[in-house]
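Numbering (my numbering), first residue to last: 37 to 161.
All C-beta atoms in this analysis are idealised placements derived from N, C-alpha and C, irrespective of residue type, glycine included.
Some notes on the structure that comes next.
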Amino acid sequence: EALVLRREIYAKHLALHGAAHKSTILNGNNLACSMRKEGHFDEVKLFVRNQLLPAARQSLGSDHDLTLTINLNIAIALLYLNSGDGLLEAETILKDQVQRRRRVFGSAHPETRRSEEFLSEILAR
Numbered sequence: 037e038a039l040v041l042r043r044e045i046y047a048k049h050l051a052l053h054g055a056a057h058k059s060t061i062l063n064g065n066n067l068a069c070s071m072r073k074e075g076h077f078d079e080v081k082l083f084v085r086n087q088l089l090p091a092a093r094q095s096l097g098s099d100h101d102l103t104l105t106i107n108l109n110i111a112i113a114l115l116y117l118n119s120g121d122g123l124l125e126a127e128t129i130l131k132d133q134v135q136r137r138r139r140v141f142g143s144a145h146p147e148t149r150r151s152e153e154f155l156s157e158i159l160a161r
């Protein structure tokens, strides 16, 4: 039910504001999180890669907290898909993610540490 509502909210924001509006991007991230929590990892990967991340990079920039959070969503989805190529891509994304988060927010920031934990999980496989 939550996933259905998230899809509706995202669709309304997309129609009202367009793909590059911060509100649409934020609601798209909420949708991606809901999809991920429901186990729709392939859908998260496609949605984030093809729609959400390009809009966030264009509108907010690659170092914006929301863009980095969206990037983390695709890495987590790839991690849970647990395929060879996907794990390599997730590792690449997370290495970049950790580097950006350290530079922008510092090593002690909770989201930097969270990204480091996911990277450690991949490197341990």
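N-terminal and C-terminal residue of the alpha helix (DSSP H) that residue i is part of
{"i": "Val140", "result": "120–141"}
{"i": "Asn63", "result": "58–73"}
{"i": "Val80", "result": "77–83"}
Assigned secondary structure, residue i (DSSP; H/G/I helix, E/B strand, else coil)
{"i": "Ser98", "result": "coil"}
{"i": "Ala209", "result": "Not covered by the structure: residue 209. The range shown for the chain is 37 to 161."}
{"i": "Ala160", "result": "coil"}
{"i": "Ala144", "result": "coil"}
{"i": "Glu37", "result": "coil"}
Proximity test, residue i beta-carbon vs the ligand GTP heavy atom, cut-off 7 Å
{"i": "Leu108", "result": "The ligand GTP is not part of the structure shown, which contains no ligands of any sort."}
Buried/exposed call for residue i, threshold 16 Cβ in 10 Å
{"i": "Gln133", "result": "buried"}
{"i": "Lys48", "result": "exposed"}
{"i": "Ala38", "result": "exposed"}
{"i": "Arg137", "result": "buried"}
{"i": "Ser156", "result": "exposed"}
{"i": "Asn118", "result": "exposed"}
| message | Does the segment 138–148 come into contact with the segment 113–127, if we say contact requires no fewer than three beta-carbon pairs (one atom in each stretch) closer than 8 Å? | response | no
| request: Report yes or no: do the segment 82–97 and the segment 126–142 share at least 3 C-beta pairs separated by less than 8 Å? | output: no
| Would the segment 39–50 and the segment 58–70 be scored as touching if the rule is three or more Cβ pairs under 8 Å? | yes
| message | Pairs of beta-carbons, one from the segment 89–106 and one from the segment 54–62, closer than 8 Å: are there three or more? | response | yes
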